[in-house]
Every structure is written in structure tokens, then in C-alpha cells.
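**Student:** Protein chains in written order, with our numbering: chain B, 1 to 132; chain G, 133 to 264.
Backbone N, C-alpha and C define an ideal beta-carbon position, used for all residues, glycine too.
Pasting a structure below so you can have a look.
There are 2 protein chains.
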Amino acid sequence: MRKFSQQRAAIIEELSSVTSHPTASEIYNMVRRRIPNISLGTVYRNLSMLADDGAILRITTGEGTERFDADTSDHYHFCCSSCGRVSDLALPFCGELNRSVEEMTGAHVQRHSLIFYGECADCVALGRSGTA
Amino acid sequence: MRKFSQQRAAIIEELSSVTSHPTASEIYNMVRRRIPNISLGTVYRNLSMLADDGAILRITTGEGTERFDADTSDHYHFCCSSCGRVSDLALPFCGELNRSVEEMTGAHVQRHSLIFYGECADCVALGRSGTA
DNA sequence: TATGGTATAGTAATCATTACTGTTATTTTT
DNA sequence: AAAAATAACAGTAATGATTACTATACCATA
Chain B
1 MRKFSQQRAA IIEELSSVTS HPTASEIYNM VRRRIPNISL GTVYRNLSML ADDGAILRIT
61 TGEGTERFDA DTSDHYHFCC SSCGRVSDLA LPFCGELNRS VEEMTGAHVQ RHSLIFYGEC
121 ADCVALGRSG TA
Chain G
133 MRKFSQQRAA IIEELSSVTS HPTASEIYNM VRRRIPNISL GTVYRNLSML ADDGAILRIT
193 TGEGTERFDA DTSDHYHFCC SSCGRVSDLA LPFCGELNRS VEEMTGAHVQ RHSLIFYGEC
253 ADCVALGRSG TA
């Protein structure tokens, strides 16, 4: 049975306290304020376990590093190519898509990931472009 | 102006000859049959340039390594968690989604990526599960 | 044929992530 | 509540994909 460690609790709490979809090392720095000698490996291991359990979401944007989200409700993301930020979208979730793909392919579909890429409103306003 | 090198031509040709969405090192091995001393760095650099130019597609599945696709038409992908294969889906493409997100957020949306995850029909039939 | 620009091969470096090892914490059993 | 069993930890080393670097080679044009 899975044991309840302070480290795992702190990771969940810190991740739940933000909406910024932090990376593993950002979470590491957040948790270190509470548990100064926590190991980066511990953060990675717990994030993986939690994501595998479905307790948190792992977001793969392709911009180098994985990001994590404590909000496990079905939703989609936007990733800004200029500042690198990832934000939630209030787009309706299409659960039926999974069923469509199953019928179309015979595969067993577990989930899908929909990510939009571009320049966020802030970056557009500031005239930034291209450079992360 | 961008120069047309044999290496780049070979990379495009090899990638166009398959529908398997190979990784950079798979493409490296394919091209090496024709240009034995081509460098892995050359493959990576050309794949990046081609993807940036929109001449090929870069597919980020989150299963460790990036994959590439010579088919640049708008389409979606399925990624099998058991065998790791990535396949094309004949799902209708929703270009209007980009516009919706723009109106909703004020961002400038360039593209979106929709990937389905699960166990492909072959793996379901063979009773494999979980292990890549 | 000299010049400037782009690409290349080969190698070294980077960086996110994972694996390993001996120790500590948590749970379960007595 | 002590002991036994097991999961998790800290710290560090290893892995592996990707990028950067450097000196050389190719190609076009003046």
C-alpha cells in the first residue's frame, strides 16, 4: 500500500496553490521553502506517481520540460511560444472524441491532449515575438 | 537564402517514404544507408529547420522523444502507450478551434496539437498492456 | 579565382529525467 | 508500544535526447 509522506503532501499542496503549471524544478524550489533538504529525485518520483495515479496532470508541451497541473478536471491548454507560459482554456471538453477514435481504429483510447500554441495576449501587447 | 544540400534532400526523401513518424535517430539510421558519414547533428539541425519552415511536422507525444512526419496536412495522431507507435487519424480537422481560442483569450494562435493516447488495436488483440 | 555565406562532420557540452544505494519514515503486526 | 516489514527518502551517479562548438567543405557570385 502507498505510504503517506510529508514530501508528497507538500508537493501536492504547493502544486495546488498555483495555477501556473510549474515544471518539476519549479515545484522543487517551491517545496524547498518548506522542506529544505528535499531531493529533486523525490519531487520527480512523486510527480510521476501522482500523474500515473491520476491525482495530478502531466502536461507535455514540447517546449523542453514537462509541466504539472493539480487541476485534474478535463480541460485544454494554451502554450505561449514567446514567454513559455501555459494557461488553462475555458473551451468545452469533447469527451466523445475518445469514443470516435475507438470506433474508427479499434484502439482502446484512454485520454487525449489538446494544446494550442501561439503568442499570448500579454506578449502580443508587448510586441514580443519568437523569443522565449 | 537556404541552400539545398544532399543531406537535407535525403532526410526529406527518407521521411517521406514512411508513414511511421520516426524519431530523429531512426531517420539518422535511414539516411545513413545513403550517406554513411552523415552526422546525427546534421539530422537534428535539418529536422528542426524543416519543422520551423513548416516543411515537415514535429510531433511531441511526451513518450520521451520527438517524432517527425512528412505529411504536413492538418491531421491528428494516436499514440500507443504499449508499443509506442504513432499513427495518423482520419478525424476531421477543426481549424475553427484556433479562432475560438483567439476570441476567448486575445492570444494569437498559430496551431494546435491533438493527440489521443491508449492501446492500439494490435496491442489490444495481443493482450499487451502498459509496457512499451 | 577570391569572397562571403551557409552547411557539414565530428565531438563536446547541456539539461531534464531516471536509476542506484544506503538510510529513514511510516505502517502493520505482534 | 516495540519489532518487523516495507515504502519512501536524500544524495549522487548515470542516461539519453538534444544542442552547441569548431574547423572544414561546398556553392554562388562578383
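From B:Arg34 to G:Ser148, what does the alpha carbon distance come to, in whole angstroms?
**Tutor:** As a working mapping, residue 34 of chain B is identified with position 34 in the first sequence. As a working mapping, residue 148 of chain G is identified with position 16 in the second sequence. When rounded, the distance between both Cα atoms is 52 Å.
**Student:** From B:Ser5 to G:Glu228, what does the alpha carbon distance come to, in whole angstroms?
**Tutor:** Counted from its first residue, the first sequence places residue 5 of chain B at position 5. Counted from its first residue, the second sequence places residue 228 of chain G at position 96. Cα to Cα, the separation comes out at about 46 Å.
**Student:** Could you tell me whether the region 209-219 of chain G touches the region 75-91 of chain B, using the rule of 3 or more Cβ pairs below 8 Å?
**Tutor:** As far as the Cβ criterion goes, the region 209-219 of chain G does not touch the region 75-91 of chain B, which means the pair count is below three.
**Student:** Suppose the cutoff is 8 Å on Cβ atoms and the five residues either side in sequence are ignored; what does the same chain contact list for G:Ile188 look like?
**Tutor:** Locating residue 188 of chain G in the second sequence gives position 56, where the first residue counts as 1. Correct list, in chain order: Ile144, Leu147, Leu179, Leu182, Phe200, Asp201, Ala202, Thr204.
**Student:** Against chain G, which members of the region 36-47 of chain B pass a CB distance test of less than 9 Å?
**Tutor:** Residues: none.
**Student:** Could you give the residue range of the beta strand (DSSP E) that holds B:Ser73?
**Tutor:** Start at 1 with the first residue of the first sequence, and residue 73 of chain B comes out as number 73. Taken as a continuous stretch (DSSP letters only), B:Ser73 belongs to no beta strand (DSSP E), as it is neither H nor E.
**Student:** According to a CB-to-CB cut-off of less than 9 Å, which residues of the region 219-242 of chain G neighbour chain B?
**Tutor:** Residues passing the 9 Å Cβ filter: Ser219, Leu221, Ala222, Leu223, Leu229, Asn230, Ser232, Val233, Glu234, Met236, Thr237, Gly238, Ala239, His240, Val241, Gln242.
**Student:** Can the beta-carbon of G:Thr197 be found less than 8 Å from the beta-carbon of G:Thr155?
**Tutor:** Translated into positions along the second sequence, residue 197 of chain G becomes position 65. Translated into positions along the second sequence, residue 155 of chain G becomes position 23. Yes, the Cβ-Cβ distance between G:Thr197 and G:Thr155 is below 8 Å.
**Student:** Terminal residues of the continuous beta strand (DSSP E) containing B:Leu91?
**Tutor:** Against the first sequence, residue 91 of chain B aligns to sequence position 91. Note, B:Leu91: premise wrong, no beta strand (DSSP E); not H, not E.
**Student:** Using only the alpha-carbon positions, how far apart do G:Asp206 and G:His153 sit?
**Tutor:** Against the second sequence, residue 206 of chain G aligns to sequence position 74. Against the second sequence, residue 153 of chain G aligns to sequence position 21. Rounded to the nearest angstrom, the two C-alpha atoms are 15 Å apart.
**Student:** Taking a cut of 7 Å between CB atoms, which residues from the region 112-124 of chain B lie near chain G?
**Tutor:** Result list: His112, Ser113, Leu114, Ile115, Phe116, Tyr117, Gly118, Glu119, Cys120, Ala121, Val124.
**Student:** By DSSP, does B:Cys83 sit in helix, in strand, or in coil?
**Tutor:** By 1-based counting over the first sequence, the position of residue 83 of chain B is 83. B:Cys83: coil per DSSP, three-state reduction.
**Student:** In the structure shown, what three-state DSSP assignment does G:Ile247 receive?
**Tutor:** Residue mapping note: residue 247 of chain G aligns to position 115 of the second sequence, counting from 1. Strand at G:Ile247.
**Student:** I'd like to know whether the C-beta atoms of G:Gln139 and G:Thr174 end up nearer to each other than 8 Å.
**Tutor:** Start at 1 with the first residue of the second sequence, and residue 139 of chain G comes out as number 7. Start at 1 with the first residue of the second sequence, and residue 174 of chain G comes out as number 42. Yes, the Cβ-Cβ distance between G:Gln139 and G:Thr174 is below 8 Å.
**Student:** Between G:Ala142 and the rest of its own chain, which residues show a CB-CB distance below 7 Å, the 5 nearest in sequence each way excluded?
**Tutor:** For the purposes of this step, residue 142 of chain G is taken as the residue at position 10 of the second sequence. Within the same chain, G:Ala142 has close Cβ partners Val163, Arg166, Ile167.
**Student:** Given a limit of 8 Å on CB to CB distance, which residues of the region 66-88 of chain B reach chain G?
**Tutor:** Residues Glu66, Phe78, Cys80, Ser81, Ser87.
**Student:** Residues bridged to G:Ile144 by DSSP?
**Tutor:** Residue 144 of chain G sits at position 12 when you count from the first residue of the second sequence. Bridge partners of G:Ile144: none, in fact.
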